[in-house]
């Protein structure tokens, strides 16, 4: 499927990120968010996203989709072929919101939840048409990072998974279908494991948040931007490859190298310790300034990876080439060629309408 | 300190990576490795490293240091001011090798272990001069990734830590001193946590190694090349920043989102499953080919980050600018200017000899 009109339910960091990606791909979006500040917040995210997309495609972007702020979920989902739910991670709230979406969305609309960890099966129980629910879990910033984890629940139809893969591919994303449904899927399992360990390291005073961040971004962070841990370890095995690596490092797993048996107590003291160190690390830069730096860096990394592998691009870089190429192709024509555009439109009117293809 | 002559004890993937970084910085290295294949293997790593450095500094590199293959540890450490130990992770072996290094190295030589996780205190017991031992834990590929974790044991002198910081900085690295000694330090704690979780995901059939790798490198891997997890989450908190993020996501930690209470059994079946999937993922590319792609990608990412932040560079990119600038400055002069070099040499001979400064 291609997306003609989308609805975004929830306009927080993730919801607004979806809105930005959709609009910048030329898709109309109706958003519902009860927060009176929603319009301003989405506007801020749009500003950042526009700035990043202009860097990605300096020759001009497609005409932006139209954004509408709806007063109710029913109004937002009206006529939508994709409804993206991004409300807070509480099952009761998800149930309420998904039931409402389900009741009012067109029968053939795909309903996708942005949840980071709740199983789709646990959410489907609230729906009369559970077969069209998938989890489509993105990563922040949604308008730049290409990954979306697709997870089916027990009542999800295979067709819904296929629709989701097509829909997200058509807006420059990399859908990866998770084979079995588990809480937190794959991405957040890995993130939670690292996060839990990181909290111990800070709590125990082994390092500060800045030192920990530096340890990541001057070492394996650079590796993981281009190859995941298995490919990286395959190479680390040297000429003998993966079997050698596994044999060499396998035993370490049972050494006391992680605090695996415990979760650090999440109290005010720990929150304060981390928040204070994080303030110091920011070194006077506001969230918005950090966001710009982050976005510039991400665009630069993807662009750099796009030039690798004999110009074909590697990993996210290959996808970046295809995506930015597509955006450039669909760019709004400059005003000079208005006459040509009119002629083209007239010519088109003679032919039967073809399905729009992204 | 600057390094005038280094000794490398052990020439595996890590040891050879150290040799490459040192030689390409113009430092003479004597290596000891009992493997009859050591010379060929180090030669292969040098080939890859030279290729990467030529990309980094296309205008010419400093004269390479001289590499000597020593027959004994005593011969290798003779006259060295830095001895880098990179033998396999077995405490008994570390004890034997460090005792031998300690016995023969110059009294003022710094002794550094590349261990990924053994506490320096546990290794110092084998040494008569334990005060000069530090852990200096690098990341593969050592000739490209800048991070080195510096860890002191209970008998390490603060001066040794200072010497280590200076020495590794002088060869383009980012030393981070770990505040308290724990097994696996900081980097490998995080890596082990993610690795353990990854093994579960493969073992349980949630995803393949290729899917897991894609999930990493199309999402948070791109983020972590430029900011670590705390800075990233600070931004994800939106306008409310870190305190908001902690409050929002804190409770998830005790949800069943990781297999935290258990270690997957590391049997032949699991090794075979992963190795087979890894073979498929490689898609016919040899380790050497993958290594080239990895190195090209890493250089491209660091170069791209070097152009960010109004040209000052960001994170590993800022360091990359300084390092490549330094290498370019120290590049061997092209032959055309031989006369000029001779004149300079004559002029130098008139002045008292100054300490070489990297």
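Protein chains in written order, with the UniProt record's numbering: chain A, 1 to 358; chain X, 1 to 358. Cβ atoms here follow ideal geometry from the backbone N, Cα and C, with glycine treated the same way. Computed from a prediction, not measured in an experiment: that's the story for all the values here.
Whose C-beta lies closer than 7 Å to the C-beta of residue i among residues of the same chain, with five residues either side of it excluded?
i: residue 164 of chain X; result: 110, 112, 134, 136, 150, 175
Just to confirm, are residue i and residue j a CB contact at a threshold of 8 Å?
i: residue 222 of chain A; j: residue 225 of chain X; result: yes
i: residue 143 of chain X; j: residue 20 of chain X; result: yes
i: residue 73 of chain A; j: residue 100 of chain A; result: yes
i: residue 46 of chain A; j: residue 166 of chain A; result: no
i: residue 152 of chain A; j: residue 80 of chain A; result: no
i: residue 64 of chain X; j: residue 23 of chain X; result: yes
i: residue 294 of chain A; j: residue 171 of chain X; result: no
i: residue 281 of chain A; j: residue 210 of chain A; result: yes
i: residue 202 of chain A; j: residue 186 of chain X; result: no
i: residue 16 of chain X; j: residue 41 of chain X; result: yes
i: residue 324 of chain X; j: residue 60 of chain X; result: no
i: residue 31 of chain X; j: residue 11 of chain X; result: yes
i: residue 178 of chain X; j: residue 161 of chain X; result: no
i: residue 327 of chain A; j: residue 130 of chain A; result: no
i: residue 194 of chain X; j: residue 117 of chain X; result: no
i: residue 82 of chain A; j: residue 126 of chain A; result: no
What did DSSP end up calling residue i once you bin it into helix, strand or coil?
i: residue 85 of chain A; result: strand
i: residue 278 of chain X; result: helix
i: residue 69 of chain X; result: strand
i: residue 184 of chain A; result: coil
i: residue 305 of chain A; result: helix
i: residue 110 of chain A; result: strand
i: residue 28 of chain A; result: strand
i: residue 130 of chain X; result: helix
i: residue 149 of chain X; result: strand
i: residue 196 of chain X; result: helix
i: residue 9 of chain X; result: strand
i: residue 165 of chain X; result: helix
i: residue 292 of chain X; result: helix
i: residue 45 of chain X; result: helix
i: residue 136 of chain X; result: strand
i: residue 4 of chain X; result: coil
i: residue 242 of chain X; result: helix
i: residue 203 of chain A; result: helix
i: residue 120 of chain A; result: helix
i: residue 264 of chain A; result: coil
Taking the alpha-carbon positions, what's the residue i to residue j distance?
i: residue 315 of chain X; j: residue 297 of chain A; result: 10 Å
i: residue 139 of chain X; j: residue 34 of chain A; result: 48 Å
i: residue 322 of chain A; j: residue 270 of chain A; result: 44 Å
i: residue 39 of chain X; j: residue 305 of chain A; result: 33 Å
i: residue 48 of chain A; j: residue 218 of chain A; result: 26 Å
i: residue 292 of chain X; j: residue 300 of chain A; result: 21 Å
i: residue 247 of chain X; j: residue 233 of chain X; result: 12 Å
i: residue 115 of chain A; j: residue 67 of chain A; result: 23 Å
i: residue 93 of chain A; j: residue 9 of chain A; result: 12 Å
i: residue 307 of chain X; j: residue 320 of chain X; result: 10 Å
i: residue 159 of chain A; j: residue 106 of chain A; result: 16 Å
i: residue 156 of chain A; j: residue 108 of chain A; result: 13 Å
i: residue 313 of chain X; j: residue 303 of chain X; result: 9 Å
i: residue 284 of chain A; j: residue 207 of chain A; result: 21 Å
i: residue 290 of chain A; j: residue 311 of chain X; result: 16 Å
i: residue 180 of chain X; j: residue 266 of chain A; result: 22 Å
i: residue 205 of chain X; j: residue 264 of chain X; result: 13 Å
i: residue 102 of chain A; j: residue 128 of chain A; result: 7 Å
Which residues in the same chain have their Cβ closer than 8 Å to the Cβ of residue i, if we skip the five residues on either side of it in sequence?
i: residue 43 of chain X; result: none
i: residue 182 of chain X; result: 119, 189
i: residue 14 of chain A; result: 86, 114, 138, 140, 142
i: residue 288 of chain A; result: 44, 48
Within its chain, find whatever has a CB closer than 6 Å to the CB of residue i; leave out the 5 residues flanking it on each side and keep chain order.
i: residue 154 of chain X; result: 121
i: residue 242 of chain A; result: 234
i: residue 18 of chain X; result: 8, 84, 142
i: residue 173 of chain X; result: 146, 148
i: residue 104 of chain A; result: 74, 77
The ligand NAP and residue i: does the residue's C-beta get closer than 7 Å to at least one heavy atom of that ligand?
i: residue 59 of chain X; result: The ligand content of the structure shown is nil, which means the ligand NAP is not present either.
Please confirm if the segment 266-280 of chain X is in contact with the segment 22-30 of chain X, defined as three or more CB-CB distances below 8 Å between the two stretches.
no
Any chance the segment 44-60 of chain A sits against the segment 74-92 of chain A, with 3 or more Cβ pairs inside 8 Å?
no
Check whether the segment 197-217 of chain A and the segment 228-237 of chain X are in contact - that is, three or more C-beta pairs closer than 8 Å.
yes
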